[in-house]
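In what follows, a single structure is set out as structure tokens and then discussed.
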Amino acid sequence: MNDNQPPIMPIEPESLPNKSKSDKFWQSFWFTFLVVSLSYAWHSFYAPSNRIDWAANYTTAQQLAVESDKPIILFFTGKWCVPCRIMKRQVWADEQVTALVNAAFIPVTIDVDDPDAAATLSRY
């Protein structure tokens, strides 16, 4: 150490600047915002699996309907469709609905964004 330099003094924890109340507020605010946003996103996209025997496509559903003499139930959906996700999560996952649909109908899902479903979409 050079004799001309003053000695280095350790900084005491009390002398460190305290975060202002405003900084603490915003830190807490953004942390809370992040937690709420992530939980909402998870809840919005979560859809429990269901045990409904969905037909592969509309043509297959028509064949199965003729063979079993049951009506077809169409579920039009899309990845962007929020009510569809709610229905998947709350209606199709219900055990009573699952049992009724499997017993009385030939269920088929029609993805409105799928180009292969264009003929079915134009019909309905």
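Heads up, the sequence shown is in numbering that gives the first Met the number 0, so the first residue is 0 and it goes up one at a time. Just so you know, even glycine gets a beta-carbon here, dropped at the ideal spot from N, CA and C.
So residue 71 and residue 107 are in contact, right, with Cβ under 8 Å, and what is the actual spacing, rounded? As a working mapping, residue 71 is identified with position 72 in the sequence shown. As a working mapping, residue 107 is identified with position 108 in the sequence shown. Right, their Cβ atoms sit about 6 Å apart.
Going by beta-carbon coordinates alone, are residue 109 and residue 74 separated by less than 8 Å? Here residue 109 refers to the residue found at position 110 of the sequence shown. Here residue 74 refers to the residue found at position 75 of the sequence shown. Taking 8 Å as the Cβ cut-off, residue 109 and residue 74 qualify as a contacting pair.
To the nearest angstrom, how far is the alpha carbon of residue 121 from that of residue 37? Within the sequence shown, the letter at position 122 stands for residue 121. Within the sequence shown, the letter at position 38 stands for residue 37. Those two C-alpha atoms are separated by around 38 Å.
Please classify residue 93: does DSSP put it in a helix, a strand, or coil? Along the sequence shown, read from residue 1 onward, the residue named residue 93 stands at position 94. Residue state, collapsed to three classes: coil.
Given that a residue counts as buried once 16 or more other Cβ atoms are within 10 Å of its Cβ, and exposed if not, what is residue 51? Translated into positions along the sequence shown, residue 51 becomes position 52. Answer is buried; the Cβ neighbour count reaches 16.
Just the C-alpha distance for residue 20 and residue 27, rounded to the nearest angstrom, thanks. As a working note, residue 20 is residue 21 in the sequence shown. As a working note, residue 27 is residue 28 in the sequence shown. Going from the Cα of residue 20 to the Cα of residue 27 covers about 11 Å.
For the beta strand (DSSP E) containing residue 107, name the first residue and the last one. Along the sequence shown, one-based indexing puts residue 107 at 108. It spans 105-110 - the beta strand (DSSP E) in which residue 107 sits, taken as one unbroken run.
Measuring alpha carbon to alpha carbon, tell me which of 86, 57, 78, 81 ends up nearest residue 117. On the sequence shown, residue 117 is found 118 positions in, with the first residue counted as 1. For residue 117, the nearest C-alpha among the options comes from 57.
Would you identify the three-state DSSP class for residue 51, choosing helix, strand or coil? Here the question's residue 51 lines up with position 52 in the sequence shown. Residue state, collapsed to three classes: coil.
Just the C-alpha distance for residue 39 and residue 69, rounded to the nearest angstrom, thanks. Here residue 39 corresponds to residue number 40 of the sequence shown, with the count starting at 1. Here residue 69 corresponds to residue number 70 of the sequence shown, with the count starting at 1. Roughly 39 Å separates the two Cα atoms.
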